[in-house]
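Asker: First the structure, which I've put down as structure tokens, then a few questions once you've had a look.
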Amino acid sequence: MRLAAARSRIVARESGETTVREQIVAASDSEVDVVIVGGGFAGVTAARELSARGRRVVLVEARDRLGGRTWTKDHDGHPMEFGGTWVHPLQPHVWSEIERYGVETETFPVMEGLRQAVVSEGRIVELSDDDVVRALETFDQFCAPAVDLFPEPFSETLGPDPDGLADRSLREQFDSFKAEPALRDWVEGMCCTIVCGPLDQCGVTEVFRIYALSGHDAAQTMAAVSATKLLKGTRELINSIAGQATLADIRLNSPVQRVAQTDDGVRVELESGETVSAPTALIALPMNVLNSVEFEPALSEIKRTASAERHAGAGVKCFVRVKGDIGNVSIAAPEPHAVNWVVTYAHDPQGSWLIMFSNNPDKLEMTAFDDVQGMQTALQPLLPGVEVEAIVGWDWRHDPHALGTWCIYRPGQLTRVLPDLRTTEGRLFFAGSDSVSTWRCFIDGAIASGYYSARDIDGYLTAGGTTAAQG
Ligand SMILES: Cc1cc2nc3c(=O)[nH]c(=O)nc-3n(C[C@H](O)[C@H](O)[C@H](O)COP(=O)(O)OP(=O)(O)OC[C@H]3O[C@@H](n4cnc5c(N)ncnc54)[C@H](O)[C@@H]3O)c2cc1C
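This is how it looks when you write it as structure tokens:
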């Protein structure tokens, strides 16, 4: 059903510390055009875009908040991003949303007075500005094969690959990469941070793709992944988008258990026993959790296999409170270390907040996510003598609605799972940052997929929406 005008009312409601917008007019099944499963940036963007096309949507989200793998949580007077953080003008979809809603951004980390260093061969090597330039040149050398492999980064088609890079792990690529040790270790530490997974499980394609999208340039790559954040947090952006999903009935705390296609449409069954039916549904779930929903008929073998294998993004990002003012630091360490990058988030004489990344939580040897002693041990090679007071963050690996951090394909997964992962199946459409070809694993990719799927679903419904969609 296409509605001529928005007739719903949106109210703001406080849920924990996050303001969410919730539709208060519940749609009856007969009025629903699309059920969207998942309220991350992909699902919420699709809800807004479908609303703009006069399509009535029910969005069902398992959590008590929108945003999925982005989550701004206030702590100690700071809006902390437990998930997705950095954005950049090179990412066209997220940047246009930032401009559209006038969301304020800030440079982070602050470069002025930033102490940069790398742990290399058992010691801390301080990096002067010139050293940083040489470290970036080393990153360019490491990524040189990306020029041929991703000659047109915005296209899904790979360039010639005589060396079989599509099947190669980052670990293999590093093992054959020669450079001055400290600079090589800096590149390895930053790659560990970019992928947030063990290097032998991460495809070299994943770093090369981001490098190619950043204009085949190391400095731009670093800027794209870690230079600009939203001043008040990603929650401001997701709430702005949700606020314009005027025809969407957003239902939080609504985990989906089963999605069944029938001759007439799609029936989405919630764990609560409720059902929502519509002519079509958009599945906007992370790749790693696809298999935790039962689909009838079963999803394609490629989708099921990809979800079972999982992508390799399974590290840890968290905020660590340490004693005293440690200043503005950015310190990298290569894979053998438990911590691969630490950067100051805030600091004053009372103490400092650091953001810490580890590509392999097993190396952290922490008894629990908030094991202060374990974190203190892990940080010593980067910050000798540092005393840890507290840890806050979220364990995305064990979060049943994420089962991982951001989507980093394993060696060979890129060519095996795309484009099937987003190919329509009958009346089901698929979206999410894990299945786009360009800024995959970024907020930008999630938003882009929301645009594409809303456009495709609208076309499908306009054409009658009674037969199987074409993938
Ligand atoms: C620690 C971390 C750091 C990151 N850093 C950055 C960064 O700096 N910059 C950047 O651009 N990106 C970053 N990312 C990646 C980015 O956050 C994600 O790629 C993007 O937000 C994913 O959006 P999505 O909508 O595709 O998926 P998600 O955000 O995962 O949304 C999927 C939604 O589906 C819901 N769901 C799951 N199962 C069910 C179910 N059974 N029923 C109903 N709902 C369900 C989930 O709760 C979730 O809300 C980071 C991610 C993490 C985890």
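For the sequence shown, UniProt numbering assigns the number 1 to the initial residue and increments by one for each residue that follows.
Using N, Cα and C, we set each Cβ at its ideal position, and we do this for glycine too.
What residue range does the beta strand (DSSP E) around serine 120 cover?
Answerer: Per DSSP, serine 120 belongs to the beta strand (DSSP E) from 115 to 120.
Asker: Going by the beta-carbon positions, is the gap between proline 334 and glutamate 188 smaller than 8 Å?
Answerer: The answer is yes: Cβ separation under 8 Å.
Asker: Check each candidate in Arg123, Ser272, Tyr345 and name the one with the smallest Cα separation from valine 110.
Answerer: Among Arg123, Ser272, Tyr345, the Cα nearest to that of valine 110 belongs to Tyr345.
Asker: Could you spell out where the beta strand (DSSP E) holding proline 361 opens and where it closes?
Answerer: From DSSP, proline 361 is part of no beta strand (DSSP E) but of the alpha helix (DSSP H) over 361 to 364.
Asker: Any chance the CB of histidine 398 is under 7 Å from a heavy atom of ligand 1?
Answerer: No, since every heavy atom of ligand 1 falls outside the 7 Å radius drawn around the Cβ of histidine 398.
Asker: Glutamine 261 by DSSP, collapsed to three states: which one?
Answerer: Looking at glutamine 261 - three-state DSSP - the assignment turns out to be strand.
Asker: In the structure shown, what three-state DSSP assignment does glycine 459 receive?
Answerer: Glycine 459: helix per DSSP, three-state reduction.
Asker: Suppose you measure from the CA of serine 358 to the CA of cysteine 192; what does that come to, to the nearest Å?
Answerer: If I take the Cα positions, the gap works out to 8 Å.
Asker: Just to confirm my understanding: we take alanine 62, look at its own chain, exclude 5 residues before and 5 after, and list those with CB closer than 6 Å. What are they?
Answerer: Contacts found: Pro255, His401.
Asker: Could you check the C-alpha separation between glutamate 180 and tyrosine 211 for me, to the nearest Å?
Answerer: Taking the straight line joining both Cα atoms gives about 21 Å.
Asker: With a Cβ-Cβ cutoff of 8 Å, do serine 307 and methionine 287 count as a contact?
Answerer: Yes, these two residues count as a Cβ contact at 8 Å.
Asker: Would you check whether ligand 1 has a heavy atom nearer than 7 Å to the C-beta of tryptophan 86?
Answerer: Correct: tryptophan 86 has its Cβ closer than 7 Å to ligand 1.
Asker: Taking buried to mean at least 16 other C-beta atoms within 10 Å of its own C-beta, is proline 198 buried or exposed?
Answerer: With 16 or more other Cβ atoms within 10 Å, it is buried.
Asker: Which runs of the beta strand (DSSP E) at least 3 residues long sit entirely within the segment 224 to 260? Give them in chain order.
Answerer: Within the segment 224 to 260, the complete beta strand (DSSP E) runs of at least 3 residues are 228 to 230, 248 to 251.
Asker: Specify the secondary structure class of aspartate 185 as computed by DSSP and reduced to three states.
Answerer: The answer is helix: DSSP assigns aspartate 185 an H, G or I state.
Asker: Is any heavy atom of ligand 1 found at a distance shorter than 7 Å from the C-beta of isoleucine 443?
Answerer: Isoleucine 443 Cβ: within cutoff of ligand 1.
Asker: Applying the 10 Å Cβ sphere with the 16-neighbour rule, what's the burial state of serine 155?
Answerer: Burial call: exposed.
Asker: Leaving out five residues on either side along the sequence, give the residues of the same chain with a beta carbon under 6 Å from the beta carbon of phenylalanine 108.
Answerer: Answer for phenylalanine 108: Lys229, listed in chain order.
Asker: According to DSSP, simplified to helix, strand and coil, what is leucine 90?
Answerer: Coil, per DSSP.
Asker: Looking at ligand 1, does it come within less than 7 Å of lysine 178, judged from the CB to the closest heavy atom?
Answerer: Lysine 178 Cβ: outside cutoff for every heavy atom of ligand 1.
Asker: Based on the DSSP output, what are the partners of lysine 323 in its beta bridges?
Answerer: Looking at the DSSP assignment, lysine 323 forms a beta bridge with Gly351.
Asker: Along the alpha helix (DSSP H) that carries leucine 66, what are the first and last residues, could you check?
Answerer: Neither: leucine 66 is in no alpha helix (DSSP H) and is coded neither H nor E.
Asker: Would you please state the rounded distance, in angstroms, between the beta carbons of phenylalanine 429 and isoleucine 447? I believe it to be under 8 Å.
Answerer: Actually they do not touch by this definition, with Cβ atoms about 16 Å apart.
Asker: Comparing C-alpha positions only, which one of Leu383, Arg304, Val316, Glu309 sits nearest to valine 329?
Answerer: Ranking the options by Cα distance to valine 329, first place goes to Leu383.
Asker: If you compare alpha carbons, which of Gly39, Ser30, Val32, Asp33 is closest to serine 449?
Answerer: The option with the nearest alpha carbon to serine 449 is Gly39.
Asker: Taking just the CA atoms, how far does threonine 45 sit from valine 259?
Answerer: Answer to the nearest angstrom: the Cα atoms are 21 Å apart.
Asker: Tell me, please, which residues DSSP counts as bridged to lysine 73.
Answerer: BP columns for lysine 73 point to Met80.
Asker: Taking its Cβ as the centre, do 16 or more other Cβ atoms sit within 10 Å of threonine 157, making it buried, or is it exposed?
Answerer: Exposed is the call here.
Asker: Along the chain, which unbroken stretches of the beta strand (DSSP E) at least 3 residues long are found entirely within the segment 349 to 430?
Answerer: Correct list: 351 to 358, 388 to 393, 428 to 430.
Asker: Who are leucine 282's beta bridge partners in DSSP?
Answerer: According to DSSP, which records beta bridges pairwise, leucine 282 is partnered with Ile36, Phe429.
Asker: Rounded to a whole number of angstroms, what is the C-alpha to C-alpha distance between methionine 222 and glycine 273?
Answerer: Taking the straight line from one Cα to the other gives about 47 Å.
Asker: Checking 8 Å against the spacing of the C-beta atoms, do valine 94 and valine 266 come in under that value?
Answerer: Not in contact: valine 94 and valine 266 (Cβ atoms no closer than 8 Å).
Asker: So, under 8 Å CB-CB, valine 133 and isoleucine 331 are touching, yes? Tell me the CB distance rounded to an integer number of Å.
Answerer: In fact, because the Cβ distance is near 18 Å, the residues do not count as touching under 8 Å.
Asker: Could you give the residue range of the beta strand (DSSP E) that holds arginine 440?
Answerer: That residue, arginine 440, is in no beta strand (DSSP E); it is neither H nor E in DSSP.
Asker: With H, G and I counted as helix, E and B as strand and the rest as coil, what does DSSP make of glycine 203?
Answerer: It is a strand residue.
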